[in-house]
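Written out below as structure tokens is the structure these notes cover.
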Amino acid sequence: MEIDSELIIDLLEALPEDKQKLAIEYIYTLVREWDPDFTKLTPREQKSIDEAREEMKNGEYVRLEDIDWDTE
415 MEIDSELIID LLEALPEDKQ KLAIEYIYTL VREWDPDFTK LTPREQKSID
465 EAREEMKNGE YVRLEDIDWD TE
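Residue numbers for the sequence shown follow this note's numbering, beginning at 415 and rising by one.
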């Protein structure tokens with residue numbers, strides 16, 4: 415099931431502030447039950463990691479030595 419995050423945000427923003435806080439606390443409780451140590455990856459996080467690994471495998475990265483850390 416694909417979740418429409420924007421829809422969830424829109425619905426949350428439609429609530430009064432006190433109800434938003436209640437909804438966020440409920441969501442937090444659900445997440446803690448699913449992943450009490452916050453070690454599981456969401457599908458979006460897994461996709462991001464997979465893409466990063468593929469980029470590194472293809473040589474698409476910047477070496478630390480190539481970064482000028484003194485510029486603003």
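No residue lacks a Cβ here, since even glycine has one placed at the ideal position from N, Cα and C.
Using 7 Å as the threshold, is the C-beta distance between residue i and residue j below it?
{"i": "residue 437", "j": "residue 455", "result": "no"}
If you follow the alpha helix (DSSP H) that residue i is part of, which residue opens it and which one closes it?
{"i": "residue 463", "result": "457 to 471"}
{"i": "residue 474", "result": "Looking at the DSSP string, residue 474 is not in any alpha helix (DSSP H), and its letter there is neither H nor E."}
{"i": "residue 443", "result": "431 to 448"}
Indicate the three-state DSSP secondary structure (helix, strand or coil) for residue i in the structure shown.
{"i": "residue 486", "result": "coil"}
{"i": "residue 422", "result": "helix"}
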